[in-house]
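Enquirer: Before I ask anything, let me first share the structure, which is written out below as structure tokens.
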Amino acid sequence: MKTILVATDFSAPANNAVDYASHLAKETGAELILFSVHKLSTHASNSLATTTHIDDLLKKKEDQLLALAQKLSNQFGISVRWELKKDDPILDLKNYTKTHPVDLVVMGIESNLIEYKLLGNTTTAAIKLLQFPLLVVPNDIDFTEISNVMYACESSYLKNSDQLDFLKQFLKAFNAKLEVFHVLTKDSEELNDIALERILDNILKDIDHSYRYVCSPKVGDGIKDGLEHFHADLLVMIPHRRGFFQSIFHKSHTSQMTVETRIPLLTKP
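Residue numbers for the sequence shown follow the working numbering, so the first one is 49 and each next one is one higher.
Rendered as structure tokens:
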């Protein structure tokens, strides 16, 4: 891992994500990029705001980023640079990762790991786009050594080893153990367990890994159960079809579905 980008708007969740990303950069020897977007409000855009006023706002944000970059570089002993854009946070992030080598994007999120009713949130919007490896960090957790990683596997969509290359690199960087976790929602799925393990044993032959299966009519409930038993430091989910996250984090007829966890979520397109 050579380059880690962390999105920041200097909010509490973003500040926590910056701290987490800085620890990751220190552990892996990666360069850290502070990525911020200064978007003018509709009122400001429609007003007679002068170019000088806008330039002053941007200069203030640049000074903030420069000061933060210097602070993190001194504190963690890492290489830090910053990027400031002026359009839409998600659009700018998407365009930047298309034109620059970025191995991992880190973003903060408020409250529960994912609460899908917050579709307007920048982080949940980024998850929906999923054009890059994305690490979502809840705002109320501190960085801890990544020793146990739980991969919530959708077996029917696992086609080849390329899909797990990034995960393998991540595990090796932290010398972490992997638990492959699969929620069985139908009795017939049990017949595929042996085939799944045969495929993954070949892909993960140089990774310390194990398997766990849970029967549950709801995937989200099964994942929550797995997290409680494995004591994972990181949850990994790799959606392979449109609507995957909607099927897990959705508003049911009876209640709001959330995964109540205090660990980061790593997603990979």
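Ideal Cβ placement from N, Cα and C applies to all residues, glycine included.
These figures come from a predicted structure and were not determined experimentally.
1) Pull the bridge partners of residue 51 from the DSSP assignment, please.
2) Using the Cβ count rule (16 or more neighbours within 10 Å means buried), how would you classify residue 230?
3) Work out the CA separation of residue 241 and residue 57 for me, nearest whole Å.
4) Return the residue from the list 279, 200, 250 and 243 that minimises the CA-CA distance to residue 268.
5) So residue 192 and residue 256 are in contact, right, with Cβ under 8 Å, and what is the actual spacing, rounded?
6) Leaving out five residues on either side along the sequence, give the residues of the same chain with a beta carbon under 6 Å from the beta carbon of residue 316.
7) Taking 9 Å as the threshold (C-beta atoms), are residue 222 and residue 195 in contact?
8) Of the choices 150, 50 and 313, whose alpha-carbon is the least far from that of residue 189?
9) Is residue 183 buried or exposed, if buried means 16 or more other CB atoms sit within 10 Å of its CB?
10) Kindly give me the distance between the Cβ atoms of residue 109 and residue 86, rounded to whole angstroms, as I take these residues to be in contact under 8 Å.
11) Can you say whether residue 140 is buried or exposed, counting buried as having 16 or more other CB atoms within 10 angstroms of its CB?
12) Quick check: the Cα distance between residue 131 and residue 243, rounded to an integer number of angstroms?
13) For the putative contact between residue 147 and residue 153, defined by C-beta atoms under 8 Å, what is the C-beta separation to the nearest angstrom?
14) I'd like the span of the alpha helix (DSSP H) that includes residue 122, first residue to last.
15) Would you mind giving the Cβ-Cβ distance between residue 84 and residue 113, rounded to the nearest angstrom? I have them listed as a contact below 8 Å.
16) How is residue 181 classed by DSSP in three states: helix, strand or coil?
17) Can you tell me which of 233, 254, 65 and 284 puts its alpha carbon nearest to the alpha carbon of residue 265?
18) Which of the three DSSP states is assigned to residue 61 in this structure?
Expert: The structure says:
1) 79
2) buried
3) 44 Å
4) 200
5) Contact doesn't hold; Cβ gap of about 19 Å is too wide.
6) 181, 214 and 286
7) yes
8) 313
9) buried
10) 5 Å
11) buried
12) 46 Å
13) Actually they are not in contact, since the Cβ atoms of residue 147 and residue 153 sit about 14 Å apart, beyond 8 Å.
14) 99-124
15) 6 Å
16) coil
17) 233
18) helix
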